[in-house]
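**Student:** The structure is given below, and queries will be raised subsequently.
Right under this line is the structure:
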């Protein structure tokens with residue numbers, strides 16, 4: 005019995021040792037795998053001359069920072085003659101920046117002799133985040149100037165139209181050569197502002213010209229006037245040149261405006277004449293109405309004459325001789341009117357006048 009118990013205990017002890025050995029082996033393999041990856045990065049930094057300690061690599065791993073990205077950025081900068089600590093690179097990564105673009109932009113600026121420090125590069129990188137632009141693009145544009153079409157083809161217009169003082173319109177297309185101003189890149193106006201200001205300057209310079217022929221003879225005057233206005237002030241760019249790519253003669257806007265004004269004046273005059281005609285017609289209608297009213301009063305008065313004569317006979321105020329004289333007077337009056345009408349008709353006159 006004792007021997008059986010002892011055998012079981014020995015079996016359990018052996019199994020326990022196997023389990024412990026397996027756990028230890030797994031832990032050793034995990035440690036080797038983790039530190040193996042760290043060792044590769046550490047060795048790469050060591051042989052590149054930009055050493056990074058194991059503690060720093062482990063700390064970055066715990067903070068979920070891609071240590072390979074940080075170390076590669078440090079190596080790239082170091083090989084270009086720039087020395088940036090892993091803490092600075094890691095801080096920029098944790099802030100949401102692009103470490104690779106920042107390092108490459110610093111290297112490019114240093115090789116091109118452009119003054120750009122680490123803090124400003126990080127600020128530019130964070131400022132342009134989500135805009136489709138990068139700090140590396142800004143530095144490259146500062147090194148190699150870019151050309152901006154004015155107006156922007158994406159706006160649907162291919163030329164800027166302006167009218168000279170003689171009324172002739174000109175359509176102009178320009179190409180603006182700009183270089184990034186890193187000092188004003190953060191907070192400075194963008195390409196759209198430059199395009200708008202250049203377009204405004206072109207319209208002003210053409211509008212101040214006495215004749216469109218003067219503009220066609222010296223198109224470079226447009227560039228000079230626009231540059232003198234300092235259209236790149238408070239923008240993220242420095243304008244190097246404004247080149248007139250194309251100039252076309254447009255319509256005679258002045259003649260069109262004069263024609264439209266004459267047509268408008270004509271319509272106003274016609275409207276006023278119509279008002280006067282309507283007033284005259286209304287006045288005529290009013291006079292006719294008054295004439296009819298007076299005629300009605302005359303007819304009404306004539307209708308009372310026989311009654312008045314009869315009343316005079318009854319009261320004795322009118323005798324038969326007086327009435328006869330009255331009738332003779334009326335007959336003589338009608339005869340004279342008839343004779344006068346015939347004479348007027350023979351003379352070619354209207355008897356009704």
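In the numbering used here, the protein residues as written are 5 to 357. Every residue, glycine too, gets a C-beta built ideally from N, C-alpha and C. What you are looking at is a predicted structure, and each value in this text was computed from that prediction instead of being measured.
1. What does residue 165 pair with, by DSSP beta-bridge criteria?
2. Rounded to the nearest angstrom, what separates residue 160 and residue 238 at their Cα positions?
3. Give the single residue among 210, 303 and 324 whose Cα lies nearest to the Cα of residue 313.
4. Got a sec, what are the start and stop residues for the beta strand (DSSP E) residue 248 sits in?
5. Keeping to the same chain, check which residues put their C-beta closer than 6 angstroms to that of residue 169; ignore five residues upstream and five downstream.
6. Nearest-angstrom Cα distance between residue 356 and residue 298?
7. Taking the alpha carbon of residue 139 as the point to measure from, which residue in 270, 206, 126 and 148 has its own alpha carbon closest?
8. Between which two residues does the alpha helix (DSSP H) carrying residue 224 extend?
9. How is the alpha helix (DSSP H) around residue 152 delimited, first residue to last?
10. Name the residue from 115, 101, 344 and 144 whose alpha carbon lies nearest to the alpha carbon of residue 123.
11. Quick check on the DSSP output: the alpha helix (DSSP H) that includes residue 129 runs from which residue to which?
12. Give the secondary structure of residue 135 by DSSP, where H, G and I count as helix, E and B as strand, and everything else as coil.
13. Do residue 72 and residue 45 have their CB atoms nearer than 7 angstroms?
14. Would you report the Cα separation of residue 105 and residue 129, rounded to the nearest angstrom?
15. Are residue 181 and residue 149 close, meaning C-beta to C-beta below 7 angstroms?
16. Given this structure, state the Cα-to-Cα distance separating residue 310 from residue 336, to the nearest angstrom.
17. By the 10 Å Cβ neighbour count, where 16 or more other Cβ atoms means buried, how is residue 330 classified, buried or exposed?
**Tutor:** Reading off the structure:
1. 175
2. 27 angstroms
3. 324
4. 241 to 256
5. 214
6. For residue 356, the pLDDT reaches just 48, beneath the cut-off of 50, and the residue's location in the model is therefore unreliable, although a value from the coordinates is still provided. One C-alpha to the other measures close to 18 angstroms.
7. 126
8. 224 to 232
9. First-last for residue 152: 150 to 154, but that is the beta strand (DSSP E), not the alpha helix (DSSP H).
10. 101
11. 122 to 131
12. coil
13. yes
14. 8 angstroms
15. yes
16. 19 angstroms
17. exposed
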